[in-house]
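Novice:
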Amino acid sequence: MTSGTFDRRRFLAAAAAVSAAPYVRTSRAAGSLNVGFWDHWVPGANDGLTKLCNEWAAKEKVDLKIDFITSQGQKLLLTITSESQAKSGHDVLSLPTWYAAAQAKNLEPVDDIVQTLIAQYGSAGAGVEYLGKQDGHWLGVPATAGSQMKGPCARIDLFRQHAGIELTKMYPPGAPPDKVLADKWTWDAFLVAAQKCHKAGFPFGIGMGQTADSVDSAGAIFAAHGAHLVDAKGNITVNSDAVRQTLEYCKKLVQFLPPDVFAWDDASNNKWLISGKGALIMNPPSAWAVAKRDNPKVAEQLWTLPSPKGPQGRYQPNIPFYWGIWKFSKNKAAAKSLLTYLSQRSAVEQLVQASGGYDMPAFAGLRDFKIWSEVGPPKGTLSHYPPTGDQIVHMSGAPAPVPIATQMYSQATLTKMVAKFTQGGEPMDKVIAWANSELEGFMRV
Amino acid sequence: MAAQATLDRVAHAHHGSVRRDRRRALIWSYVFLLIFVIFFLTPPIYMFITSLKTSAEISTGSMPWWVSDPTLSNYVELLTSPIYLTFFRNSVMVALLVVVVTMLVSILAAFSLARMKFWGSATLATGVFLTYLIPDTLLFIPLFKIFAYLNELTGIEFINRWWILVIVYPTLTIPFCTWIMIGYFSSIPKELDEAALIDGAGYLQLLTKIFIPVALPGIIAATIFAFTVSWAQFLYPLAFTTSTDQLVLPVGIVTTLIKGDVFNWGQIMTGALLGAAPPLIIYAFLMDYYIAGLTAGATKG
Amino acid sequence: MKKFLRRKSTIALVMALPLIVVITSLVIYPAFFSIYLATLNKSMEHFVGLGNFSFLFKRETFWMVVKQSIIFAVSAVLFKALIGFFVAHCVHNVPTRGQRKWRGMLLVPWVIPPAMSTLAWLWLFDPSYSAFNWLLERIGVGPVPWLGDPYWARFAVILVNVWVGAPFFMIMYLAALKSVPEQLYEAAAIDGANWWQKMWYVTLPMMRNIIAITALFSLIVTFANFDIVRVLTAGGPVDQTHVFATYAFNLGIQGNDIPLGACVSLFMLPILAVAAIFILRDIGRRGNEA
């Protein structure tokens with residue numbers, strides 16, 4: 001058999017599968033289904049998801065129950081670990097960041113769904129694959145709802161007035177970034193801008209607490225400087241020059257941040273920006289969406305832009321979400337049918353619409369919606385939200401192996417190091433030694 | 001004569017100064033009481049004020065100690081929200097069932113331990129007291145694992161169901177309630193027993209016809225205690241229940257009302273206030289029994 | 001056989017049976033099971049003996065939690081006792097008729113479920129919207145990072161705990177104060193004692209047992225406290241307000257390492273046992289006195 005024939009056969013098979021997929025699966029779906037989705041930060045986004053699910057449930061005659069689980073107070077993480085321990089709970093759960101890979105042995109492989117989606121809509125990107133696949137099997141369907149970029153969202157007026165940076169010129173609406181200006185948007189320039197805004201009374205609000213927002217932004221800063229705590233093979237590389245330099249950088253940055261950032265949770269930076277107190281936060285567009293409702297004067301000055309560039313590149317915090325099916329689920333057929341339905345182009349478009357542009361679909365072929373260039377005010381505020389150009393989407397903790405990275409993430413090792421070095425005033429060596437012992441602990445089985 | 005007059009005058013002056021001292025002590029007492037009342041009541045009052053605010057008002061960061069645009073929308077939203085009402089219903093069911101179970105077990109056991117000496121009863125009484133000292137924070141992990149295991153073994157849902165709490169809460173309430181009841185039962189004069197026994201009453205009748213009526217204040221106090229502890233429990237439900245429709249109020253409010261909607265604090269405070277209402281109402285009406293229950297453990301046997 | 005059933009001791013045992021069953025199955029057995037769990041590895045597949053314990057001993061965070069739990073429990077109980085004692089005296093001084101309403105108002109923090117009232121405190125301490133900071137700014141003092149700075153966070157946790165618990169102490173001490181016979185005070189007054197001496201020689205000795213029992217009870221409960229720390233700070237910042245219970249929850253349930261969580265919980269036992277012994281001794285003594 002020549003490779004040509006083989007390819008053709010594969011292509012025909014794939015084409016047949018693609019055209020039949022949504023219909024084949026649903027014919028066996030019935031019974032009841034219990035799903036737990038992440039509670040969205042954008043007001044009204046949950047309704048979009050509910051509507052789609054109910055449509056599906058009516059069509060398939062499935063008795064569907066939907067729970068929206070918040071990530072505040074680590075409720076979503078708690079649910080995931082509780083259900084994995086108890087081997088009972090929902091059938092389908094939203095699994096953010098590392099948690100799909102971490103629960104690999106309890107999740108039902110969904111290769112069939114995802115391969116079909118890749119054939120339909122293109123690749124999901126190396127990062128999403130890294131976090132969604134273990135031992136060659138996809139364990140979660142890359143979910144639209146919740147998948148986000150967590151780059152800077154800043155105040156146009158304050159940046160113009162105090163930092164001397166014209167955001168709309170650097171990242172113009174509906175046009176590619178100004179190369180010269182964007183090249184100057186480095187972490188060092190970020191530091192200078194932070195200082196100026198701090199002096200003007202509108203500090204940046206970069207959380208250094210233990211929740212996801214803080215860990216994600218710290219992850220981008222560290223990665224941009226080439227500082228990784230654990231390498232891809234699992235060796236602890238915390239005692240490196242890059243890590244030390246990054247800690248020094250963070251020390252300088254922290255001076256220009258509000259004093260209580262070390263206790264910030266995921267809502268604190270949103271509140272900081274919406275209240276008008278801050279000039280910049282690292283957050284997806286949920287803060288802007290809420291400001292539109294509660295403080296429109298601030299909302300119309302907000303601009304989402306890519307992260308600054310570091311010596312190693314422009315690392316953009318990316319938080320992928322997955323929809324996973326537990327192995328103990330009693331209605332896997334229905335679950336798979338639902339997830340397939342939610343991943344079709346029309347459904348994805350509705351979800352992105354309902355979230356006001358917050359949700360960033362994982363598959364390359366689904367990122368061409370007009371919404372990002374059209375929402376406002378101000379118009380174009382999200383035109384630089386989809387990751388393009390020189391941005392490297394990054395998951396805080398990568399490239400460490402999944403079990404270690406999961407704990408680094410949930411125990412917030414990066415931000416704790418920064419806190420110890422800055423607020424805690426501990427000497428660099430002590431901080432590194434502490435991190436070392438933490439990381440050794442994470443290696444336990 | 002003069003001596004007597006002097007004595008009188010001294011006594012009078014002494015009395016006057018004593019009265020002045022007492023009045024000064026009284027004024028200072030009132031001052032400090034006022035200060036402490038302000039300290040103790042500030043959070044609930046703040047909860048109430050915030051509960052009348054819309055999220056728009058909260059987000060502007062205006063005067064936090066007063067409402068400029070009061071609204072009952074938070075109350076209406078919560079009281080018509082099926083999720084919140086489910087929390088309420090779950091809390092009520094759990095609390096009532098736990099109270100019934102607790103009182104049944106405690107009264108029987110207290111009667112047995114207070115009146116009827118049997119081999120090992122003294123050790124048991126001490127043992128009961130000691131178990132009160134094993135905190136729930138020690139037990140929640142093994143209990144979680146035990147229930148997970150039972151779940152796998154029998155297929156009955158032992159995790160993530162509110163009725164598991166009915167199994168677990170009594171461990172918190174029974175020891176103290178038994179302790180209280182032992183105290184009350186011990187103080188019933190033995191002559192009553194003997195009179196009844198002579199009249200041919202059985203032990204069960206002794207319990208129901210004599211002990212329970214006489215110790216009724218203690219029973220009420222113990223019931224209130226069991227209810228309040230069940231209502232306020234946070235750790236066990238946090239560990240054992242995760243689905244929204246299985247949550248009880250404390251966990252429900254903390255884990256579902258605090259969410260991405262960052263200025264939801266008006267509704268959160270409303271939820272917290274409504275959640276604190278039942279114990280507060282019981283307290284308002286049955287304050288004396290409440291206090292009696294608290295002090296019973298220490299001042300009685 | 002019937003006679004055996006009719007015997008007093010059998011009936012007594014049967015009546016006490018539910019209690020015994022509940023305690024054994026839901027308290028004693030899990031406590032021992034906890035010890036077994038603590039000897040397993042993370043995925044609970046192998047036996048590692050004291051491996052978890054030695055791992056914890058080497059962790060700086062763990063010793064920090066031990067230190068924090070002890071400081072938290074001791075200082076909170078101390079303040080609760082002092083405030084309770086002081087306020088009980090104030091209430092006692094007020095004419096009896098008015099006492100009821102003061103007592104009523106002062107006990108409110110104890111009645112509200114702690115998880116709910118802690119939410120109020122959480123909002124009062126919020127980094128951006130703290131009502132306290134709002135007042136402070138009005139009088140020119142800068143905003144306080146109530147939950148952001150480790151020392152302020154510890155203060156906040158102790159403050160909320162004292163707020164919740166002081167009323168209990170007040171009620172207990174008030175009951176005890178009332179039971180001190182008036183004649184003793186009059187005798188002391190005749191002997192020329194001032195208020196301080198009355199306190200030292202009359203009040204305190206008479207209340208000694210109540211003070212001890214209440215303090216020890218509270219020490220145990222405060223030591224094992226979970227709700228307040230979990231809701232207010234979740235152990236932060238940087239684990240500096242963690243106590244045993246919240247740390248065990250963090251590692252055991254959140255961190256998916258149940259044996260390690262059980263291990264942390266078990267460390268409470270020695271301290272609790274010591275407190276329990278003291279309480280038992282005091283209750284026994286009081287029983288003799290009465």
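Protein chains in written order, with the working numbering: chain A, 1 to 445; chain B, 1 to 301; chain C, 1 to 290.
Glycine residues also receive a C-beta, built at the ideal position from the N, C-alpha and C atoms.
Quantities reported herein were computed from a predicted structural model and do not represent experimental measurements.
1) What is the DSSP secondary structure of Ala284 of chain B, counted as helix, strand or coil?
2) Is it the case that the segment 207–226 of chain B contacts the segment 100–113 of chain B, given that we only count it when at least three CB pairs across the two stretches are under 8 Å?
3) For chain B, is any of its Cβ atoms less than 8 Å away from the one on Asn331 of chain A?
4) So the candidates are A:Cys250, A:Ile371, A:Thr415 and A:Pro403; which of them puts its Cα closest to the Cα of Asp188 of chain A?
5) For the segment 77–88 of chain A, which residues have a beta carbon sitting closer than 8 Å to at least one beta carbon of chain B?
6) Can you list, in chain order, the residues of its chain whose CB lies under 8 Å from that of Pro285 of chain A, leaving out five sequence neighbours each side?
7) For the segment 328–335 of chain A against the segment 253–272 of chain A, do three or more pairs of beta-carbon atoms, one drawn from each stretch, fall closer than 8 Å, so that the two count as touching?
8) Using the beta-carbon count (16 or more within 10 Å), is Thr388 of chain A buried or exposed?
9) For the segment 68–154 of chain B, which segments carrying the beta strand (DSSP E) assignment without a break, of at least 3 residues, lie completely within its bounds, in sequence order?
10) Short of 8 Å in beta carbon distance, which residues of its chain neighbour Thr131 of chain B, apart from the five on each side in sequence? Order them along the chain.
11) If you measure from the beta carbon of Asn74 of chain B to each beta carbon in chain A, is any gap under 8 Å?
12) How about Ala145 of chain A and Tyr322 of chain A: do their beta carbons lie closer than 8 Å?
13) Could you list the residues in the segment 248–268 of chain B with a C-beta less than 7 Å from some C-beta on chain A, going in chain order?
14) Starting from the beta carbon of Trp163 of chain C, find every residue of chain B whose beta carbon is closer than 8 Å, and list them in chain order.
15) Three or more C-beta pairs under 8 Å: does that hold for the segment 70–85 of chain A against the segment 245–257 of chain C?
16) Would you report the Cα separation of Ser287 of chain A and Asn318 of chain A, rounded to the nearest angstrom?
17) DSSP state of Phe321 of chain A, grouped into three classes?
18) Restricting to Cα atoms, I'd like to know which of A:Val35, A:Ser88, A:Lys51 and A:Ala57 is closest to Leu95 of chain A.
19) Leu50 of chain C: which of C:Ala275, C:Ile279, C:Ala262 and C:Val74 sits nearest, CA to CA?
20) Does Gly140 of chain C have its Cβ less than 8 Å from a Cβ in chain E?
21) In angstroms, rounded to a whole number, what distance separates the CA positions of Trp119 of chain B and Ala196 of chain B?
22) Which value, in whole angstroms, describes the spacing of the CA atoms of Glu349 of chain A and Phe369 of chain A?
23) Looking at Phe244 of chain C and Phe267 of chain C, is the spacing between their C-beta atoms short of 8 Å?
24) Contact criterion: CB-CB distance below 8 Å. Does Asp67 of chain A meet it with respect to chain B?
25) Relative to the C-alpha of Ile83 of chain B, which residue among A:Lys65, A:Thr79 and A:Thr97 is closest?
26) From this set, C:Ala131, C:Phe32 and C:Gly142, which residue's C-alpha is nearest Val67 of chain B's C-alpha?
27) Which class does His137 of chain A belong to by DSSP, given the choice of helix, strand or coil?
28) Taking the runs of the alpha helix (DSSP H) that are 4 residues or longer, which of them lie wholly in the segment 361–414 of chain A?
29) If I measure Cβ to Cβ from Trp163 of chain C and keep anything under 7 Å in the same chain, skipping five residues before and after, which residues do I get?
30) In its own chain, which residues sit with a C-beta less than 6 Å from the C-beta of Lys309 of chain A, not counting the 5 before and 5 after it?
31) By alpha-carbon positions, which one of A:Gly425, A:Pro361, A:Pro177 and A:Trp434 ends up nearest to Gln344 of chain A?
32) Would you tell me roughly how many angstroms separate the C-alpha atoms of Leu273 of chain A and Leu37 of chain C, rounded to the nearest one?
33) Against chain B, with Cβ distances strictly below 8 Å, would Ala446 of chain A count as a contact?
34) Which residues in chain B have a C-beta closer than 7 Å to the C-beta of Asp294 of chain A? List them in chain order.
35) Name, please, each residue of chain C whose Cβ falls closer than 9 Å to the Cβ of Ser214 of chain A.
36) Taking the straight line between their C-alpha atoms, what separation do you get for Gln103 of chain A and Ala435 of chain A?
Specialist: So, to answer that:
1) Helix, per DSSP.
2) The answer is yes - the segment 207–226 of chain B touches the segment 100–113 of chain B, with three or more Cβ pairs under 8 Å.
3) For Asn331 of chain A, the answer is no, since every Cβ of chain B falls outside 8 Å of its Cβ.
4) Its Cα nearest to that of Asp188 of chain A, the residue A:Cys250 stands out among A:Cys250, A:Ile371, A:Thr415 and A:Pro403.
5) Within the segment 77–88 of chain A, the qualifying residues are Leu78, Thr79, Ser82, Glu83, Gln85, Ala86, Lys87 and Ser88.
6) Here Pro285 of chain A has Val42, Cys153, Thr304, Gly356, Gly357, Tyr358, Thr381, Leu382 and Tyr385 as same chain residues with Cβ atoms under 8 Å from its own Cβ, once five neighbours each way along the sequence are excluded.
7) By the Cβ criterion, the segment 328–335 of chain A is not in contact with the segment 253–272 of chain A, since fewer than three pairs of Cβ atoms, one from each stretch, lie closer than 8 Å.
8) Looking at its Cβ environment, which holds fewer than 16 other Cβ atoms inside 10 Å, Thr388 of chain A is exposed.
9) DSSP runs (the beta strand (DSSP E)) wholly in the segment 68–154 of chain B: none.
10) Within the same chain, Cβ atoms closer than 8 Å to the Cβ of Thr131 of chain B are found at Thr171 and Pro175, the five residues on either side in sequence being excluded.
11) For Asn74 of chain B, the closest Cβ of chain A is not nearer than 8 Å.
12) Going by beta carbons, Ala145 of chain A and Tyr322 of chain A fall outside the 8 Å limit.
13) For the segment 248–268 of chain B, the set of positions with a beta-carbon nearer than 7 Å to some beta-carbon of chain A reads Val254, Thr255, Thr256, Ile258, Lys259, Gly260, Asp261, Val262 and Phe263 in chain order.
14) The contacting residues are Phe39, Phe40 and Pro43.
15) In short, these stretches touch, since the Cβ pair count reaches three.
16) It is worth fixing the name first, because residue 287 of chain A is Ala in this sequence and not Ser. Spanning the two alpha carbons is a distance of roughly 17 Å.
17) Phe321 of chain A falls in the strand class under three-state DSSP.
18) That would be A:Val35, whose Cα lies nearest to the Cα of Leu95 of chain A.
19) When each option's Cα is compared against that of Leu50 of chain C, the closest is C:Ala262.
20) Structure shown: chain E not included; protein chains present are A, B and C.
21) Trp119 of chain B and Ala196 of chain B: Cα-Cα distance of roughly 24 Å.
22) Whole-angstrom Cα-Cα distance: 7 Å.
23) Phe267 of chain C is a Cβ neighbour of Phe244 of chain C, given a cutoff of 8 Å.
24) For Asp67 of chain A, the answer is yes, since a Cβ of chain B falls inside 8 Å of its Cβ.
25) Nearest C-alpha to Ile83 of chain B among A:Lys65, A:Thr79 and A:Thr97: A:Lys65.
26) Considering only alpha carbons, the answer is C:Ala131.
27) His137 of chain A: strand per DSSP, three-state reduction.
28) Listed in chain order, the complete alpha helix (DSSP H) runs (minimum 4 residues) inside the segment 361–414 of chain A are 371–374 and 402–410.
29) For Trp163 of chain C, where only same-chain residues beyond five positions count, the Cβ hits under 7 Å are Pro109.
30) Thr186.
31) Check the Cα spacing between Gln344 of chain A and each of A:Gly425, A:Pro361, A:Pro177 and A:Trp434: the tightest is with A:Pro361.
32) Roughly 46 Å separates the two Cα atoms.
33) Coverage of chain A is limited to positions 1 through 445, which leaves residue 446 of chain A absent and any answer about it impossible.
34) Chain B residues near Asp294 of chain A: Ser55, Ala56, Ser59 and Phe263.
35) Simply none; closest approach about 10 Å.
36) Distance from the CA of Gln103 of chain A to the CA of Ala435 of chain A, rounded to the nearest whole angstrom, comes to 25 Å.
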